[in-house]
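In structure tokens:
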């Protein structure tokens, strides 16, 4: 094995170790408690080695944000907002419901709101392309539509997690998609209840 190939393998292993440790630390503590010193002590590398691969903790965070947002983007990239709104909402809910403990913490824990907001902005930018399919709707109305779709899906997902996922995933997704696309008056249970 030549020296360059060995160096590439070592670089990949070091980067993977840094990312893995960063993720573990995010599960254990708030983002603002993570420092390069703490991270390098856990990974048993020196600061210089860290800086060979990353410029800052924020760079690691940006990589994680891109990874989370890109997963959703891949699922919805080919969908048309006008015809496929149900599928877009379903993809959003399923994507986040099937992620690991770290993703759930980032999306649902109020201490991670800054990070969650950055992910949501990235997803909103992508959803703008889906809404562009609506035609002659003003850009301001498109902003309202995107905010409604993103915040309603996100809010229901957070509530589902806060309620310890007591509703089965399929039922939760079906109800949430129906609410997003048709509103609360489309729910027969709601219409049949007495006020």
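Numbering (the working numbering), first residue to last: 8 to 202.
We put the CB at the ideal spot given by N, CA and C, even for glycine.
Straight-line CA distance for residue 202 to residue 189? What you label residue 202 is simply residue 195 of the chain shown in a count that begins at 1. What you label residue 189 is simply residue 182 of the chain shown in a count that begins at 1. Residue placement at residue 202 is flagged as unreliable, the pLDDT there being 45, under the threshold of 50; a coordinate-derived value is accordingly withheld.
Should residue 4 be labelled buried (16 or more other beta-carbon atoms within 10 Å of its own) or exposed? Nothing can be reported for residue 4, as the shown portion of the chain is limited to 8 through 202.
Between which two residues does the alpha helix (DSSP H) harbouring residue 72 extend? To locate residue 72, count along the chain shown from 1; it is residue 65. Residues 64-83.
In whole angstroms, what is the alpha-carbon distance linking residue 107 and residue 75? Looking up residue 107 in the chain shown gives position 100. Looking up residue 75 in the chain shown gives position 68. Cα to Cα, the separation comes out at about 11 Å.
Of the residues 63, 132, 163, which one's Cα is nearest the Cα of residue 29? Translated into the one-based positions of the chain shown, residue 29 becomes position 22. Per the Cα distances, 63.
With distances taken from CA atoms, which of 144, 196, 38 is nearest residue 123? The count along the chain shown starts at 1 and reaches residue 123 at position 116. Out of 144, 196, 38, 38 has the C-alpha closest to the C-alpha of residue 123.
Once the 5 residues before and after residue 101 are set aside, which same chain residues still bring their CB inside 7 Å of it? Taking the first residue of the chain shown as position 1, residue 101 is located at position 94. Closer than 7 Å at the Cβ level, and outside the excluded window around residue 101, lie 180.
In terms of residue numbering, what span does the alpha helix (DSSP H) encompassing residue 147 cover? Working through the chain shown from its first residue, we reach residue 147 at position 140. From DSSP, the alpha helix (DSSP H) with residue 147 extends over 146-169.
Given a cut-off of 8 Å, decide if residue 21 and residue 52 are closer than it, judged by their beta-carbon atoms. Position 45 of the chain shown, counting from 1, holds the residue named residue 52. Position 14 of the chain shown, counting from 1, holds the residue named residue 21. Contact flag set, yes.
Coil, strand or helix - residue 195 by DSSP: Counted from its first residue, the chain shown places residue 195 at position 188. Reduced to three states, the DSSP call for residue 195 is helix.
Less than 7 Å between C-beta atoms, sequence neighbours within five positions excluded: which residues of the same chain meet that for residue 54? Indexing the chain shown from 1 puts residue 54 at position 47. Within the same chain, residue 54 has close Cβ partners 43, 47.
Leaving aside the five residues before and after residue 161 along the sequence, list all residues of the same chain whose C-beta is less than 7 Å from its C-beta, in chain order. Taking the first residue of the chain shown as 1, we reach residue 161 at position 154. Counting only Cβ-Cβ distances below 7 Å, and skipping sequence neighbours, we find 127.
Can you tell me whether residue 42 is helix, strand or coil according to DSSP? Locating residue 42 in the chain shown gives position 35, counting from the first residue. In this structure, residue 42 counts as coil in the three-state DSSP scheme.
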